[in-house]
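Undergrad: Everything in the sequence shown is counted per this note's numbering, starting at 339 for the first residue and increasing by one.
The C-beta atom is built at its ideal place from N, Cα and C for all residues, glycine as well.
Just so we're clear, the structure is a prediction, and the values are computed from it rather than from any experiment.
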Amino acid sequence: MYRLDRYWHGFVHILFPQRCAGCDTTLCHQERILCTTCLYHLPKTNYHLDPENETAKQLWGKVVFHRAASLLTLSKSSRVQRIIHHLKYGQQPDVGIYLGKMYGKILRSTPIVKGVDLIVPIPIHPVKKRRRGYNQSEYFARGLSEVLNIPYDTALLKRTVNSVSQTRKSRAARYDNVEGVFTFVPQRRARAIAHVLLVDDVITTGATISIAAQQLIDGLGCEVSILTIARA
Ligand SMILES: [Zn+2]
Numbered sequence: 339m340y341r342l343d344r345y346w347h348g349f350v351h352i353l354f355p356q357r358c359a360g361c362d363t364t365l366c367h368q369e370r371i372l373c374t375t376c377l378y379h380l381p382k383t384n385y386h387l388d389p390e391n392e393t394a395k396q397l398w399g400k401v402v403f404h405r406a407a408s409l410l411t412l413s414k415s416s417r418v419q420r421i422i423h424h425l426k427y428g429q430q431p432d433v434g435i436y437l438g439k440m441y442g443k444i445l446r447s448t449p450i451v452k453g454v455d456l457i458v459p460i461p462i463h464p465v466k467k468r469r470r471g472y473n474q475s476e477y478f479a480r481g482l483s484e485v486l487n488i489p490y491d492t493a494l495l496k497r498t499v500n501s502v503s504q505t506r507k508s509r510a511a512r513y514d515n516v517e518g519v520f521t522f523v524p525q526r527r528a529r530a531i532a533h534v535l536l537v538d539d540v541i542t543t544g545a546t547i548s549i550a551a552q553q554l555i556d557g558l559g560c561e562v563s564i565l566t567i568a569r570a
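(1) Who are the near neighbours of N473 in its chain, counting only those whose CB is closer than 7 Å to its CB and skipping five residues on each side?
(2) So the beta strand (DSSP E) V537 belongs to, where does it begin and stop?
(3) Within 10 Å of its beta-carbon, does A532 have 16 or more other beta-carbons around it, so buried, or fewer, so exposed?
(4) Do L409 and Y441 have their beta-carbon atoms positioned less than 8 Å apart in this structure?
(5) For the alpha helix (DSSP H) holding S483, just list the boundary residues, first then last.
(6) Between T546, A570, A568, L536, which has its C-alpha nearest H404's C-alpha?
(7) Rounded to whole angstroms, what is the Cα-Cα separation between V562 and F522?
(8) What are the boundary residues of the alpha helix (DSSP H) that K395 is part of?
(9) Starting from R497, trace the beta strand (DSSP E) in both directions and tell me its first and last residue.
(10) Roughly how many whole angstroms lie between the Cα atoms of T383 and V451?
(11) Taking the DSSP output, what are the residues bridged to F520?
(12) Going residue by residue through the stretch 407-475, where are the continuous beta strand (DSSP E) segments of at least 3 residues, counting only ones entirely within it?
(13) For A530, count neighbouring C-beta atoms within 10 Å of its own C-beta (all shown protein chains included) and say buried if the count is 16 or more, exposed if not.
(14) Determine the contact status of I572 and I541, defining contact as a CB-CB distance below 8 Å.
(15) Just to confirm, is the Cβ distance from A479 to G438 under 8 Å?
(16) Taking the C-alpha atoms as reference points, what is the distance between V418 and A406?
(17) How many Å lie between R344 and C358 at the Cα?
(18) In three-state terms, what does DSSP make of L365?
(19) Helix, strand or coil, according to DSSP, for L387 in the structure here?
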């Protein structure tokens, strides 16, 4: 059966070659999502080793949190930008699971995930979700959840306002634009949640993430740590 599976996989691979989300080259038989070259050259931040990293600094003064970190550095026209683009707009939610698992393996037994009871992805507006078909941050959360063995919850936060495209606005305008876009939805639970890991795809100004984090802190009376795939 196993051999038949492998033959089948090889056959599918020849008919529908998979492309690397970072550089668009055809992946070899053993590669998934990213080619070996892209994997080797991923600009990992190692922020989990430094509590005063750039992601944490971006959130200082906006919300009180335990730890914050990002897996990758995002620069213009980079490999990481292409990967994020595939995740958000390329109908490739698997990229999120892949990166979630990658980050989960790095963070296992580090202080950032110690005592975390729940992973919460930043929601996108239902209209956007219907159009896109998925929430990319939810897939990142799934990958993390699987490796760290911590449940994730997609019902706690609801996005209530469909904000205008963030990219065309100045930093200050973006901050105003996201005010009050999340609603906390209480859920029945067997025990209290003490520490939530709030996750998103990219942190830019930190405005959206800090507002969502505050909703969780107020709603659950818990501590929050923040993780993103990339730091712009
Ligand atoms: Zn590649």
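TA: Reading from the atomic positions:
(1) P459, P461, I462, K467
(2) 533-541
(3) exposed
(4) yes
(5) 474-486
(6) L536
(7) 14 Å
(8) 392-397
(9) 495-497
(10) 17 Å
(11) R497
(12) 456-459
(13) exposed
(14) Outside the shown range of the chain, which is 339 to 570, sits residue 572, and nothing can be said about it.
(15) yes
(16) 19 Å
(17) 21 Å
(18) coil
(19) helix
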